[in-house]
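Protein chains: 2
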Amino acid sequence: MYGQQQRAYTYKDRPGSLRGDGYGGGGKSRYNPITNPATALAVQSHNYEPDESEVWRAYVAQVHFSNRGQWWTTGKKRALKRWILTFAVGVVQAVVATSCNFASRSMTSRKYDYIYELLNPSFVESSTAFWNFCLIQVLLCAVASMFVYIEPVSGGSGIPEIKCYLNGIDLPRVVRIKTLICKVIGVTFSVSGGLPVGKEGPMVHSGAVVAAALSQGKTTCWGVDTSFSKFSDFRNDREKRDFVACGAAAGVASAFGAPIGGVLFSLEEGASYWSTKLTWRAFFCAMTTILTIQAITNIDTWWGQTEVGRLFSFGEFNSISGGASNYSIWELPIFGLIGCLGGLIGAVFNAANEHLTIWRMKRVNHSKIRRVIEVIVISLGVSVVSFATPLIWGRCTELPQDMQDWSNQEKNLVESLVPFQCEPGKEYNEVASLIFTEADTAIKQLFHFREGGGEDNSTFSSGALFLFFVPYIMMSSVVYGIAVPSGLFVPSLLAGAAFGRLCGHLLHKLDHTSGTFADSGTYALMGAAAVLGGMARMTISLTVILLEATGDMQYTLPLMIVLMSARFTGNVFNEGLYDIHIHLKHIPFMEPEVPPVAERNEIVAGQVMSAEVKCLRPVERAGVVYDLLRSCQHGTFPIVDTASGGTLYGTASRDMLCTLLQRRAFGNPDVLDDYDNSDTLGTRRLSPLVQWDTIERAYPRYPNIDDIDIGEADRNCWLDLRPYANTAPYTINETASIQRTYRLFRTLGLRFLCVVNHNNQVVGIITRKDLLPESLTESLLRGRNAHVMEDDIHDLS
Amino acid sequence: MYGQQQRAYTYKDRPGSLRGDGYGGGGKSRYNPITNPATALAVQSHNYEPDESEVWRAYVAQVHFSNRGQWWTTGKKRALKRWILTFAVGVVQAVVATSCNFASRSMTSRKYDYIYELLNPSFVESSTAFWNFCLIQVLLCAVASMFVYIEPVSGGSGIPEIKCYLNGIDLPRVVRIKTLICKVIGVTFSVSGGLPVGKEGPMVHSGAVVAAALSQGKTTCWGVDTSFSKFSDFRNDREKRDFVACGAAAGVASAFGAPIGGVLFSLEEGASYWSTKLTWRAFFCAMTTILTIQAITNIDTWWGQTEVGRLFSFGEFNSISGGASNYSIWELPIFGLIGCLGGLIGAVFNAANEHLTIWRMKRVNHSKIRRVIEVIVISLGVSVVSFATPLIWGRCTELPQDMQDWSNQEKNLVESLVPFQCEPGKEYNEVASLIFTEADTAIKQLFHFREGGGEDNSTFSSGALFLFFVPYIMMSSVVYGIAVPSGLFVPSLLAGAAFGRLCGHLLHKLDHTSGTFADSGTYALMGAAAVLGGMARMTISLTVILLEATGDMQYTLPLMIVLMSARFTGNVFNEGLYDIHIHLKHIPFMEPEVPPVAERNEIVAGQVMSAEVKCLRPVERAGVVYDLLRSCQHGTFPIVDTASGGTLYGTASRDMLCTLLQRRAFGNPDVLDDYDNSDTLGTRRLSPLVQWDTIERAYPRYPNIDDIDIGEADRNCWLDLRPYANTAPYTINETASIQRTYRLFRTLGLRFLCVVNHNNQVVGIITRKDLLPESLTESLLRGRNAHVMEDDIHDLS
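First to last, the protein sequences are chains A and B.
Following numbering that gives the first Met the number 0, the numbering of the first sequence begins with 0 at its first residue and continues without gaps.
Following numbering that gives the first Met the number 0, the numbering of the second sequence begins with 0 at its first residue and continues without gaps.
So this is what it looks like as structure tokens:
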């Protein structure tokens, strides 16, 4: 009685499929993540909406029913918990960031203090210092790489991973506590190890993990169950994503002291949803972080009026004289030009790093040991270069003397100039002052030192800037991608600041009457923005972050001009570095805009969909469901009415089906003969009911089909899928344009989209992978042969 | 032969409609904008997506075909034009804003100069000044109200109108050139007329109109065709909305010198789309505006280093000493308290204005003459109060003497203190100094004067602040809504600054050791933010606008705290003022979030839809179409296959149908007998074809059905709608939850949504009006009796 329907119903079975072959094509394997190497990574999309099934509706109705007449409803309780958790995220992230900052600062300063003691003007004795220096740096980097050895996901900056997460891609292990620990401790060591890396990217990642961990409450770390919270109301993809967005905002806020920039970063990356409520939460979270950091850093003054607490700052920009700007309006085109140059530098940087990364993926990354060895080798190289460049420069400059009218900030910066084989307290080595300090001190030096002092009347001469800039940016490009946690913002800013100050010097040399051009510090700021913008190509959020870090609104217009021109110039050559890395990893990242290939050509949904759909019937034999789940990795299965030729009844998710099989929610095999039309089934339930919250409780680790086994006797039992079917899935007509399809899919953050014809019969399914530019191009090449479009052209034109 | 199908097919005709009565109900009139007073305003939604019909696809294919192999494609040309136009919008808006600012400033200063000449310490002679003062002010206000008489839409702030426009509502005449002219000239007079109004809201409106006018190229103003541009590539709702968003950003940028705040304002209001490309364009547009304003204001210094060009500014906040903040961290809770108080003040302000507006709508607004008289009466009242309060204060304070270490800004502010019956050059009247100056000077005085000078050791004593604050905020509440163009930002900021400074004074009195609390200027800034936030309840964009106007990043955290607490406190009592006015006008404004009534109850799409759908058949008699169009005002008609019980074939827009009737695109009546099943029609075209661009050329003034007349002979002709049908309309299943429906509708900015059942049969249609909270509540009350849900509960629980 069940022989002929022993396998799942597919689109091909449907009689009289309307122009099914014109679109879609037959045996495409794109939907199968196993056979296609591009999707070999077990990447799943997030599911932001609950399946609207009968059991879900019953659950919602029950919740509403239990709240009837109450003031303190479940919804309000949840809202309060959500705000409390958001507050907690802000506080914890502030503590994490402050600790990481304190640790790396003290390690760095101890390292340099030790080296300075060993350094002597005589060359022979310096060699001891050199060897010690190399040894310390290599050791620290090796420790950093050990953490990446333990948890590979914690390598790199983390910003691509968070971008992907907010884009709706469930990369494995990205927001685990283990990753957080490895990342934060690792980046402390890699920064202390003297590599040209920053800790800003990792801080953003850290904020995201803190948020995910706190909101989910229950998590396992190295096998230990760290259930520290009963707040498990938020265990679904949507809530988790919202928390991660808040956490990322807190991360940016802690890294740059830029709360608004942080909120914008989250919103820009998670562009598929712009919710006012979420904006406020992210705002609140970032605010809490800043507040906590201020409270921690100012605890010694009893929270009085002290420096605005920031872990990273550009220092204070002072106007030349009250009310006037530091630049002339006619200098804005020059800033634009610097932006273009920065865009070029960024493009070269990205291209070099892309080639290196491809080489690394082939030769290094397949072995964990090789990655550690690479770190050690590169760290040694960086140490040698760092020590060699000041020696090559080999000139001592007198410290500035006439400092009566200098500000405190400038006096502090003078103190941090490094003698390096010069007479301490009287002279300094220009190149060493940039290398042998922390990166943010070096940036402040480039931004704020006024002219006066060394050769050609400035603290840093053009030669020194050049000698620092070229090796530093080359090292940065080499280092990004090795197996240590490493951010890219600070190296870009530092290299850019040197470049910008160099530009300023050259302009000043052209100009014999002084005072025509803005001072070199302003040019250094523009250069920093240009190189960072040319590398990252980030949009409005980066402008706001830089503005907040600068803390002076007069730079709004120049920064906007620089970042825009850097972005446009860079985009002529290649993508932003984060996007390059996302694409190299073959992650199905959906850009906010429809890909140009779709804009330039007429493609319809029916052409890009996967026609190889595996369907289920409303009531199905358990054996058929089991075999289907084992035979493919699809995340969602349409439920169709076979009698009417595959009319869409609803959809069933893999997780739900696995849960049903695991819980053995089968009905008696004899209750029903095989059937043709689901209308004949009536409203009788054919199998025991599993409640919606029972299914959802397993989130995010639903049962795996490989762990489930059903006996031969059970195979014949009926599984009644009707109460669990998502009866209102998003659908799109097969004639819809790709623009409309893309917008629907991307804007609502969907996981799948059923493609139907005019009779609501399922003709295909569209997932994230079908809408990537490569898939669209492929569809287009096939579509060129389709006759429908050309017919239209002849007919109508 | 066509007797039995002489009227349009409706849902009721369908045989065997599945649970049609359970949902939706019968003769609802909500969908009809005529019978329901709430929608009596002829409000249409924008249509952001082209109807994807065969003719549209053919048009797109033709464009692609003609671009084949070319480098300089139509798309690139359009993109270039778009950027050029965006640039032009920025420049023009800057010129408009600068002119308006210059005109109102010079008019105001001439007025005060004239009055000061007449003013004398003797009371008798002052009466001449008083009468002159009243006369001038009333005259200026009367002129302002004349412009609103000419164009009623130009009254008020314009921000609610722009919010509605970006929300997707096509309010008539909002973005016309006539409105722009009336608004800009009108606001110049109303500000000069001494009313407590600002010109910032109108500037935002102005930017939007400039953008709409420039992008549309062709427009009529007072009957004169002002076709000044051939750039008419952007004549559709989507492009126009994008330009308006850019223009609004430019408007905010010009009003507050806040380019980033402007971009955020546009994005927050037009929240249904967050497009990276549009962000960049808005960014560019705002940047251009700022650049042009800087260029214009600095032209006298040959664009050298001068003051950062801003039309409105909070002045320069100087830190007490380098690096330290102007406030202590433990003062942040006090700021939060001020925020709460500001929220309360805002709530009272809004409630008072709401009641006044309702009264006005009943008693004044129905007659244009009454509105002008109201303006004259209120203006007289404001003049009397303005003149009386300084007289009541009647005390002369000595000018501060010890000004060696004061900054230029403070010295300038001292010069702008008003003697008003005191000895000029030696004394000033504290209250008059706040009233008899321009609002932004008064704001700067409140923000920047240090303690020292008058009674209780400050420039403005507590009594004077109180005497200014109470009448001023009451007048503001009365004035908003009268028939003059009037913004609300500046009055709120000024009143709030007085309130905040007052709070500061009171705190300083509590504190005997000086220096514990921040100076009164900081408190004034917090008060300004609190009252503005309590009134407008705007979100993140307001924070950024205030931050950019303040120009000092150390205030980020306090401002965030103040604005958040003001918003939360205010929201306990009522909505923001702009939302109140939108709702009083019964505009179907869709909030970004699902209304709470839907969150709290289980409603499905089938319950909220309008079941009274007027449908057409794929091929229809011209007479039937004509009668249908005349009988109702619906904007969209589903096209259904009657044979299969109403299967959705596509949709047809009213505009398209009118164009077809006007162009008489009919086929021979004898070519076809009446038919039952559209499949039998084959692919033969039954009427002549009208190309897509022919239909679209009429945008935005499509033919009206009342202007079309078809003869008796034509009534019988066939109209083949198949090539024009939007075959891929957005649909939703009747069982979808209201959350899902709302999100789909709001996020994609739809105009309508077809509700279908499992067989793709049209059971209803959802438009904007069906998703408003009131409609949802109504549906819910009906839905309580529906048995389906309760069945589910009993069955499953």
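Yeah, the Cβ is synthetic: ideal placement off N, Cα and C, and Gly gets one too.
Classified as buried, residue 743 of chain B has 16 or more neighbouring CB atoms from the shown chains inside 10 Å of its CB. For residue 443 of chain B, there are no neighbours in chain A by C-beta distance under 7 Å, as the nearest C-beta there is about 12 Å away. In chain order, 48, 51 and 727 make up the part of chain B whose C-beta sits under 7 Å from the C-beta of residue 739 of chain A.
Between the alpha carbons of residue 585 of chain B and residue 768 of chain B lies a distance of about 10 Å. For residue 369 of chain B, the secondary structure class from DSSP, reduced to helix, strand or coil, is helix. Per the coordinates, the alpha-carbon of residue 599 of chain B lies some 12 Å from the alpha-carbon of residue 736 of chain B. Contact check for residue 525 of chain B and residue 337 of chain B: beta-carbon distance about 5 Å, within the 8 Å limit, so the pair qualifies.
Within chain B, no residue has its beta carbon less than 9 Å from that of residue 579 of chain A; the closest one is some 17 Å off. Taking a C-beta cut-off of 8 Å against chain B, the contacting residues of the segment 73–97 of chain A are 74, listed in chain order. Sequence-distant partners of residue 416 of chain B (beyond 5 residues in either direction) whose C-beta falls short of 6 Å from its own C-beta, in its chain, are 427 and 432.
Under the three-state reduction of DSSP, residue 327 of chain B is assigned to coil, being neither helix nor strand. Residue 412 of chain A and residue 396 of chain A have their C-alpha atoms some 15 Å from each other.
The CB of residue 764 of chain B never comes closer than 8 Å to any CB in chain A; the least such distance is about 16 Å.
Ranking A/237, A/496, A/189 and A/409 by CA distance to the CA of residue 749 of chain A puts A/237 first. Exclusion of the five residues before and after residue 472 of chain A leaves 494 as the residues of its chain whose Cβ lies within less than 6 Å of its Cβ.
In terms of Cβ geometry, residue 182 of chain B and residue 201 of chain B form a close pair [threshold 8 Å]. Between residue 666 of chain A and residue 717 of chain A, the gap from beta carbon to beta carbon is short of 8 Å. Within the model, the alpha-carbon separation for residue 260 of chain B versus residue 98 of chain B is close to 22 Å. When the five nearest sequence neighbours on each side are left out, the beta carbons in the same chain lying within less than 8 Å of the beta carbon of residue 381 of chain B are those of 136, 193, 194, 195, 474 and 478, in order along the chain. Residue 563 of chain B belongs to the set of residues whose beta carbon lies under 8 Å from a beta carbon in chain A. Selection A/659, A/639 and A/694 evaluated against residue 678 of chain A yields A/639 as nearest (Cα-Cα).
In the DSSP assignment, residue 440 of chain B is bridged to no other residue. Listed along chain A are 51, each with a C-beta nearer than 7 Å to that of residue 736 of chain B. Flagged as an interface residue toward chain B: residue 600 of chain A, by a C-beta distance shorter than 8 Å. In the structure shown, the three-state DSSP call for residue 744 of chain A is helix.
Not a single CB atom of chain A sits nearer than 8 Å to the CB of residue 570 of chain B. Counting every other CB atom within 10 Å of its CB across the protein chains shown gives residue 410 of chain B a total below 16, marking it as exposed. Rounded to whole angstroms, residue 590 of chain A and residue 353 of chain A show a C-alpha spacing of 20 Å. Neighbours of residue 552 of chain A across chain B, judged by C-beta separation under 7 Å: 547 and 550. With fewer than 16 other beta carbons inside 10 angstroms of its own, residue 171 of chain B counts as exposed. Of the residues A/713, A/363 and A/392, the one whose Cα lies closest to the Cα of residue 661 of chain A is A/713.
Taking C-beta atoms as the reference points, residue 245 of chain A and residue 88 of chain A count as a pair closer than 8 Å. In the structure shown, the three-state DSSP call for residue 169 of chain B is strand.
In the structure shown, residue 195 of chain B adopts coil according to DSSP, grouped into three states.
Contacts with chain A (Cβ-Cβ distance below 9 Å) from the segment 241–269 of chain B involve 256, 257, 258, 259, 262, 263, 266 and 267, listed in chain order. For the pair residue 647 of chain B and residue 624 of chain B, the CB atoms are not nearer than the 8 Å cut-off.
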